[in-house]
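Position one of the sequence shown corresponds to residue 1 (my numbering), numbered consecutively onward.
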Amino acid sequence: KIEQGEQIADFSKIEINRNFLIKAFHKICEIRKSFNSEKEEEIKKIEEAIDNGKIDFTKIQKNLALHKLSYFNTLSKKISVSKELLHSISLTVYGPIFELCVEMRKDLIKDYVWKKGSCPFCGTNTAMAKFEKEVGRRVLWCPLCGAEWVYKRLECPFFICPIVLSDIPLLYYSPFLCINIHPFSTDKSY
1 KIEQGEQIAD FSKIEINRNF LIKAFHKICE IRKSFNSEKE EEIKKIEEAI
51 DNGKIDFTKI QKNLALHKLS YFNTLSKKIS VSKELLHSIS LTVYGPIFEL
101 CVEMRKDLIK DYVWKKGSCP FCGTNTAMAK FEKEVGRRVL WCPLCGAEWV
151 YKRLECPFFI CPIVLSDIPL LYYSPFLCIN IHPFSTDKSY
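So, in structure tokens, the structure goes:
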């Protein structure tokens, strides 16, 4: 799949034990109440919705994995809580499960240069990047599953320059920024 430019995983199809999810949601709600007293009433409503079967864990998982925030908007109106709180609690419960899936399969992208700005595992748009100055590579990070992958460096957009990184002089715009300007000797573009 990855060679065809498709994401590897579909987190919406992972089967997770319902009792585990109920316990996890209740535990996260309990922790949130202890740290966020102004949201205590909303969190209690979420717990009641869990106990009354108003929350369908399969639908939450599917919509979280497919980045469909409209579902959280609808569900939040149904149980009278903020969609941000509901989404945040759901992400706190499902995030570690998705991260575990990635951890088990991260060898699939270890040396592969993914050419998209979205996650190669789940397709989520990237949240952050880090620049490893020593080796000169950019590593992107997924906010949903925690995957990290190497993102190809910028090249000459005209594709007429033979690109050999060791032959290209690097001019640093500022010592405080991780910005490189790559002058190409053949066509003088940057």
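Yeah, the Cβ is synthetic: ideal placement off N, Cα and C, and Gly gets one too.
C-alpha gap between residue i and residue j, whole angstroms
{"i": "residue 76", "j": "residue 48", "result": "13 Å"}
{"i": "residue 138", "j": "residue 151", "result": "6 Å"}
{"i": "residue 105", "j": "residue 12", "result": "17 Å"}
{"i": "residue 118", "j": "residue 91", "result": "18 Å"}
{"i": "residue 40", "j": "residue 108", "result": "42 Å"}
{"i": "residue 35", "j": "residue 72", "result": "23 Å"}
{"i": "residue 116", "j": "residue 99", "result": "20 Å"}
{"i": "residue 38", "j": "residue 114", "result": "43 Å"}
CA nearest to the CA of residue i, picked from the options
{"i": "residue 64", "options": "43, 81, 88 and 46", "result": "88"}
{"i": "residue 23", "options": "72, 34, 60 and 51", "result": "51"}
{"i": "residue 16", "options": "69, 145 and 62", "result": "62"}
{"i": "residue 84", "options": "30, 97 and 69", "result": "69"}
{"i": "residue 96", "options": "54, 145 and 20", "result": "145"}
Own chain partners of residue i with C-beta closer than 8 Å, once the 5 adjacent residues on each side are dropped
{"i": "residue 141", "result": "126, 127, 128, 129, 130, 147 and 148"}
{"i": "residue 7", "result": "1, 118, 119, 120, 121, 122 and 123"}
Close-in-space but distant-in-sequence residues of the same chain around residue i (CB under 6 Å, 5 per side omitted)
{"i": "residue 32", "result": "43"}
Cutoff 7 Å; reference residue i; Cβ partners in own chain excluding five residues on either side
{"i": "residue 18", "result": "57"}
{"i": "residue 80", "result": "45"}
Beta-bridge pairing of residue i - partner residues as DSSP gives them
{"i": "residue 140", "result": "129 and 149"}
{"i": "residue 118", "result": "125"}
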